[in-house]
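Engineer: Pasting in a structure now, in structure tokens, and then I'll have a few things to ask.
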Amino acid sequence: MRGLPLYWKVVLTNGAVFLAGTLALALTPARVSEDVLASEAVVLAVGLTVMVVVDAWLLRSTLRPVDRVIREMETVDLVRPGRRLDQPPAGPGAQLVSGWNALLDRLEAERAEGSAKALAAQEAERHRIAQELHDEVGQSLTVVLLGLKRAEDQVPPELADVADDLALVRESARAGLDDVRRVARRLRPGVLEDLGLLSALAALASDFTALGRGHLTRTTSPGLPPLSPQAELVVYRVAQEALTNVARHAAATEVALSLTRVGDAVVLEVRDDGHGTPIDEPGSGVLGMRERAVLVGGTLAIDSVPGQGTTVRLAVPA
Numbered sequence: 002m003r004g005l006p007l008y009w010k011v012v013l014t015n016g017a018v019f020l021a022g023t024l025a026l027a028l029t030p031a032r033v034s035e036d037v038l039a040s041e042a043v044v045l046a047v048g049l050t051v052m053v054v055v056d057a058w059l060l061r062s063t064l065r066p067v068d069r070v071i072r073e074m075e076t077v078d079l080v081r082p083g084r085r086l087d088q089p090p091a092g093p094g095a096q097l098v099s100g101w102n103a104l105l106d107r108l109e110a111e112r113a114e115g116s117a118k119a120l121a122a123q124e125a126e127r128h129r130i131a132q133e134l135h136d137e138v139g140q141s142l143t144v145v146l147l148g149l150k151r152a153e154d155q156v157p158p159e160l161a162d163v164a165d166d167l168a169l170v171r172e173s174a175r176a177g178l179d180d181v182r183r184v185a186r187r188l189r190p191g192v193l194e195d196l197g198l199l200s201a202l203a204a205l206a207s208d209f210t211a212l213g214r215g216h217l218t219r220t221t222s223p224g225l226p227p228l229s230p231q232a233e234l235v236v237y238r239v240a241q242e243a244l245t246n247v248a249r250h251a252a253a254t255e256v257a258l259s260l261t262r263v264g265d266a267v268v269l270e271v272r273d274d275g276h277g278t279p280i281d282e283p284g285s286g287v288l289g290m291r292e293r294a295v296l297v298g299g300t301l302a303i304d305s306v307p308g309q310g311t312t313v314r315l316a317v318p319a
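Numbering (this note's numbering), first residue to last: 2 to 319.
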């Protein structure tokens with residue numbers, strides 16, 4: 002039966018069982034009277050039971066893997082890779098499971114490649130926008146500041162009100178320049194490239210504290226193993242997204258940011274005491290963090306309980 006479609010294997014298996022039952026009735030002394038006797042009814046019941054049991058036993062090795070694959074199809078999540086079905090020893094079920102596992106391998110590889118390209122394009126676009134903000138908008142606002150200062154210095158004393166108005170406009174322009182620089186830093190973490198991950202996380206903590214959205218405690222373990230530039234960028238972006246979510250949604254008073262070593266992995270943890278929300282349908286931010294974690298072989302776990310805060314934990318292999 003090797004090489005036959007599954008449909009014909011099921012048909013031939015059932016046919017073999019029914020043929021065996023027919024031959025048993027035809028070649029053995031077992032007979033059924035016009036009025037079925039009790040002994041004959043017992044023989045028929047036993048025969049039917051044996052046929053059903055044998056049929057079920059023969060079909061189990063063939064159809065059980067089909068059910069396993071169907072259940073796996075309903076729950077598979079490519080953002081959490083690595084789940085595979087155990088390989089049966091032989092039979093058509095083994096071929097089905099092998100094909101399903103190979104399909105998952107191909108889908109996860111294609112998704113990882115596509116996500117890597119998309120995130121690389123995203124980082125390149127962030128870099129370009131940050132450069133334009135710094136070189137064009139930032140310089141234009143700097144020129145405006147200098148012009149306002151010059152105009153303010155040239156206002157005669159009798160027009161003090163005009164000088165005060167110019168000073169207010171100049172301070173507004175200065176605040177706008179600071180906002181542009183802050184946005185540029187968030188888009189392109191120059192401190193990460195120049196000073197490393199620990200300094201970049203310290204800058205994130207300082208920016209969060211400056212917003213006044215809660216008290217932040219930062220903890221780092223000494224002797225952390227080195228990470229690749231891509232892994233450092235993933236850790237930075239996940240910390241940035243987690244702190245942004247805390248500032249926007251958590252209403253937290255205490256926030257803890259830690260970077261420690263656990264075994265052979267570097268673990269980033271962002272924990273807050275905000276109101277917390279169940280992560281039943283994650284948004285684009287959470288999905289983005291998970292995809293970034295997958296790119297560097299890491300794992301992301303989010304534990305959020307209403308009224309008890311949220312914990313984001315990223316583990317990246319060193």
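A virtual CB, placed ideally from N, CA and C, is assigned to each residue, including glycine.
Cutting at 8 Å between CB atoms, please list the residues of its own chain near A174, excluding the five before and the five after it.
Structural biologist: Here the set comprises L142, V145, L146, L149.
Engineer: Between which two residues does the alpha helix (DSSP H) harbouring A185 extend?
Structural biologist: Its alpha helix (DSSP H) spans residues 161-188.
Engineer: Could you tell me if M74 is buried or exposed, where buried requires 16 or more neighbouring beta carbons within 10 angstroms of its beta carbon?
Structural biologist: Exposed is the call here.
Engineer: Have a look at A223 and L199 and give me their C-alpha separation to the nearest angstrom.
Structural biologist: The residue you asked about is not Ala; residue 223 is Pro in the sequence shown. Cα to Cα, P223 sits roughly 11 Å from L199.
Engineer: Which of the three DSSP states, helix, strand or coil, is assigned to D304?
Structural biologist: In the structure shown, D304 sits in a strand (DSSP, three-state: E or B).
Engineer: Around the C-beta of V287, are 16 or more other C-beta atoms found within 10 angstroms, so that it is buried, or is it exposed?
Structural biologist: Classification of V287: buried, given that the 10 Å Cβ count is 16 or more.
Engineer: Is it buried or exposed for T311, if we count other Cβ within 10 angstroms and need 16 for buried?
Structural biologist: So T311 counts as buried.
Engineer: For the region 199-212 against the region 234-244, are there 3 or more C-beta pairs whose distance is under 8 Å?
Structural biologist: As far as the Cβ criterion goes, the region 199-212 touches the region 234-244, which means the pair count is three or higher.
Engineer: Distance check for A17 and A95, CA to CA, integer angstroms please.
Structural biologist: For A95 and A17, the distance between alpha carbons rounds to 22 Å.
Engineer: Please determine, among E242, R262, D208, L193, the residue with the shortest C-alpha to C-alpha distance to L225.
Structural biologist: The residue with the shortest Cα to Cα distance from L225 is R262.
Engineer: For the candidate residues N102, A316, V297, R272, whose alpha-carbon lies nearest to that of R219?
Structural biologist: Nearest of N102, A316, V297, R272 to R219, Cα basis: R272.
Engineer: Go ahead and pull the three-state DSSP assignment for T245.
Structural biologist: Three-state DSSP puts T245 in a helix.
Engineer: So, is A118 buried or exposed, given that buried needs 16 or more other C-beta atoms within 10 angstroms?
Structural biologist: One point to set straight first is that residue 118 is Lys, not Ala, in the sequence displayed. The residue is exposed, with fewer than 16 neighbouring Cβ atoms inside 10 Å.
Engineer: Can the beta-carbon of A232 be found less than 9 Å from the beta-carbon of V297?
Structural biologist: Contact: yes.
Engineer: What does DSSP give as the partner residues of S259 in its beta bridges?
Structural biologist: DSSP output for S259 lists T220, E270 as bridge partner(s).
Engineer: Cα-Cα, which of S259, Q88, P230, H276 is closest to A251?
Structural biologist: Out of S259, Q88, P230, H276, H276 has the C-alpha closest to the C-alpha of A251.
Engineer: Return the residue from the list P318, L188, L301, V268 that minimises the CA-CA distance to Q123.
Structural biologist: Here the closest residue by C-alpha is L188.
Engineer: Would you mind stating whether A266 and P230 have Cβ atoms separated by less than 9 Å?
Structural biologist: No; because the gap between Cβ atoms is not below 9 Å, this pair is not in contact.
Engineer: Could you check which residue in R151, R186, A21 has the C-alpha nearest to that of R171?
Structural biologist: That would be R151, whose Cα lies nearest to the Cα of R171.
Engineer: Bridge partners of L288, per DSSP?
Structural biologist: L288 is not bridged to any residue.
Engineer: Just to confirm, is the Cβ distance from R85 to L108 under 9 Å?
Structural biologist: No, the pair does not count as a contact, with Cβ atoms beyond the cut-off.
Engineer: Taking the beta carbon of R131 as the centre, do at least 16 other beta carbons fall within 10 Å, making it buried, or is it exposed?
Structural biologist: It is worth fixing the name first, because residue 131 is Ala in this sequence and not Arg. Counting Cβ neighbours within 10 Å, A131 comes out buried, since at least 16 surround it.
Engineer: Between L13, I303, V268, which lies nearest to D56 when the distance is taken from Cα to Cα?
Structural biologist: Among L13, I303, V268, the Cα nearest to that of D56 is on L13.
Engineer: What does DSSP give as the partner residue(s) for G310 in the beta ladder?
Structural biologist: V306.
Engineer: Less than 9 Å between the beta carbons of V247 and L315, yes or no?
Structural biologist: Contact: no.
Engineer: Which residue from V70, P66, G100, A103 puts its Cα closest to that of P89?
Structural biologist: Among V70, P66, G100, A103, the Cα nearest to that of P89 belongs to P66.
Engineer: Grab me the residues of D1's own chain with a C-beta within less than 7 Å of its C-beta, minus the 5 sequence neighbours each way, in chain order.
Structural biologist: Outside the displayed range of the chain (2 to 319) lies residue 1, so it cannot be described from this structure.
Engineer: Would you say V1 and S99 are within 9 Å of each other, going by their C-beta atoms?
Structural biologist: A query on residue 1 cannot be resolved here, the shown segment of the chain reaching from 2 to 319 and no further.
Engineer: Assign V54 to one of two classes, buried (16 or more other C-beta atoms within 10 Å of its C-beta) or exposed (fewer than that).
Structural biologist: V54 should be labelled exposed.
Engineer: Taking T278 as the reference, give the member of L228, L212, D304, Q155 with the closest Cα.
Structural biologist: Of the listed residues, the one whose Cα sits closest to T278 is D304.
Engineer: Taking 6 Å as the limit between beta carbons, can you name the residues of its chain near V313, skipping five residues before and five after?
Structural biologist: Same-chain partners within the cutoff: A243, V271, I303.
Engineer: Beta-carbon within less than 8 Å of F19's beta-carbon, same chain only, minus the 5 sequence neighbours each way: which residues are those?
Structural biologist: M52.
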